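> There's a structure below that I have some questions on.
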Amino acid sequence: DDNECEVENGGCQQICVNTDGSFYCSCQPGYALDANGVTCSGTKVSTLLVGKFKTEHYFLFTEVNECHSNELQDCHYCINTPGSFRCTCRDGHRLVNERECRGK
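In the numbering used here, the protein residues as written are 4 to 107.
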């Protein structure tokens, strides 16, 4: 098995993760992997706050990026959505349990 990450970081903008027979790109905390699967975007939002907080005049809702969870390491492309996430897989793989990509 070749380590695709050794050559130009596998084409990944931030993090390249070598797997058995393949690789995938990932991003630093506070960033999300773009739909192209190689570049990252974000605003360095803190993931330490969870839940909602009430002040005297309004509610402040915080969003947690579930894509940063270690439980999603087998998801090829994780897209953070408000209150949730969506996992998609590279060609030749299928989605299992909404969070894991496996070869066909």
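Don't be surprised by glycine CBs; every beta carbon is placed ideally from N, CA and C.
For clarity, every value in this text was computed on a predicted model and none was experimentally measured.
Hey, could you find the ends of the beta strand (DSSP E) Thr22 is sitting in?
Taking the first residue of the sequence shown as position 1, residue 22 is located at position 19. Its beta strand (DSSP E) spans residues 18-22.
> With DSSP as the reference, label Ser96 as helix, strand or coil.
Within the sequence shown, numbered from 1, the residue matching residue 96 stands at position 93. The sequence shown places His at residue 96, not Ser. Residue state, collapsed to three classes: strand.
> Taking the straight line between their C-alpha atoms, what separation do you get for Cys28 and Pro85?
As a first step, residue 28 is located in the sequence shown; it is residue number 25 there, counting from the start. As a first step, residue 85 is located in the sequence shown; it is residue number 82 there, counting from the start. Answer to the nearest angstrom: the Cα atoms are 22 Å apart.
> Residues in the same chain with beta-carbon distance under 8 Å from Gln16, minus the five sequence neighbours each way, listed in chain order, please.
The residue given as residue 16 occupies position 13 in the sequence shown. The residues are Cys28, Cys30, Val41, Thr42, Cys43.
> For Glu11 and Phe26, which I take to be in contact (beta-carbon distance under 8 Å), what is that distance rounded to the nearest angstrom?
As a first step, residue 11 must be located in the sequence shown, where it is residue number 8. As a first step, residue 26 must be located in the sequence shown, where it is residue number 23. Not quite, the Cβ-Cβ distance comes to about 12 Å (not below 8 Å), so this is no contact.
> In three-state terms, what does DSSP make of Cys70?
As a position in the sequence shown, residue 70 is number 67, starting the count at 1. Here Cys70 sits in helix by DSSP.
> What is the DSSP secondary structure of Cys30, counted as helix, strand or coil?
Taking the first residue of the sequence shown as position 1, residue 30 is located at position 27. Of the three classes helix, strand and coil, the one that applies to Cys30 here is coil, per DSSP.
> From Gly91 to Ala35, what does the alpha carbon distance come to, in whole angstroms?
Translated into the one-based positions of the sequence shown, residue 91 becomes position 88. Translated into the one-based positions of the sequence shown, residue 35 becomes position 32. Correcting the residue identity first, residue 91 is Thr in this sequence and not Gly. For Thr91 and Ala35, the distance between alpha carbons rounds to 14 Å.
> What number of angstroms, rounded off, separates the C-alpha of Cys19 from the C-alpha of Val99?
Mapped onto the sequence shown, residue 19 falls at position 16. Mapped onto the sequence shown, residue 99 falls at position 96. Each residue's alpha carbon lies about 22 Å from the other.
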